[in-house]
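Inspection log for the structure reproduced underneath, given as structure tokens.
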Amino acid sequence: MNVKILASGSSGNCIHVQSGETGILIDAGLPKTKIEKRLLANNIDPTKLKAIFITHAHSDHIKGLPLANKYKISVYASEGEWKDIDSVDDDLCRFILKHSEAFKEIDLSEIKAFFFSSHADTYGPLGAAGDVEGAAV
Numbered sequence: 001m002n003v004k005i006l007a008s009g010s011s012g013n014c015i016h017v018q019s020g021e022t023g024i025l026i027d028a029g030l031p032k033t034k035i036e037k038r039l040l041a042n043n044i045d046p047t048k049l050k051a052i053f054i055t056h057a058h059s060d061h062i063k064g065l066p067l068a069n070k071y072k073i074s075v076y077a078s079e080g081e082w083k084d085i086d087s088v089d090d091d092l093c094r095f096i097l098k099h100s101e102a103f104k105e106i107d108l109s110e111i112k113a114f115f116f117s118s119h120a121d122t123y124g125p126l127g128a129a130g131d132v133e134g135a136a137v
């Protein structure tokens with residue numbers, strides 16, 4: 001397992017998690033080109049990304065979502081957050097966490113992700129946890 005914090009703070013948030021051939025991003029808060037440059041600087045191939053998980057729809061978490069369109073990456077967010085996300089092609093949108101679905105597993109091969117309700121001033125913020133190679137993330 002490899003975890004890289006590509007950005008953290010009010011100017012943008014983006015974390016990359018890799019296990020085997022499976023890579024995901026938690027949030028995409030930098031412009032698309034900056035995310036690409038930071039991935040490549042860390043020898044991470046953007047074409048290998050399987051998913052982007054959005055914790056909430058503030059700009060410092062979603063600014064780089066056009067990356068999903070370019071590389072055809074599935075995007076996961078709560079149903080409540082989608083009304084503030086208009087930068088993702090409809091066929092890439094994956095709605096998760098209706099209130100009855102907390103901790104529903106999302107199986108991405110080598111990464112098993114779980115989401116839960118969180119607190120923020122948005123319509124459906126999520127926290128994320130996962131099982132990667134037997135370790136909690």
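Under UniProt numbering, residues 1 to 137 are what the sequence shown spells out, in order.
Even for Gly, the Cβ is constructed at its ideal location relative to N, Cα and C.
- Contact check for Pro31 against Leu39 fails: the beta carbons are separated by 8 angstroms or more.
- Residue environment for Glu21: exposed (fewer than 16 other C-beta atoms within 10 angstroms of its C-beta).
- In the DSSP assignment, Asp60 falls within the alpha helix (DSSP H) that extends over 59-62.
- Here the alpha carbon of Lys48 sits roughly 13 angstroms from the alpha carbon of Asn42.
- Per DSSP, reduced to three states, the secondary structure at Ala68 is helical.
- Under the DSSP definition of a beta bridge, Asn2 partners with Gln18.
- Under DSSP, Lys32 takes part in no beta bridge, so it has no partner.
- A straight line joining the alpha-carbon of Gly80 with that of Ser59 spans about 16 angstroms.
- Taking all protein chains in view, the Cβ of Asn13 is crowded by 16 or more other Cβ atoms within 10 Å, so the residue is classified as buried.
- Phe53 and Ile26 do touch by the CB rule: their CB atoms are close to 5 angstroms apart, below 8 angstroms.
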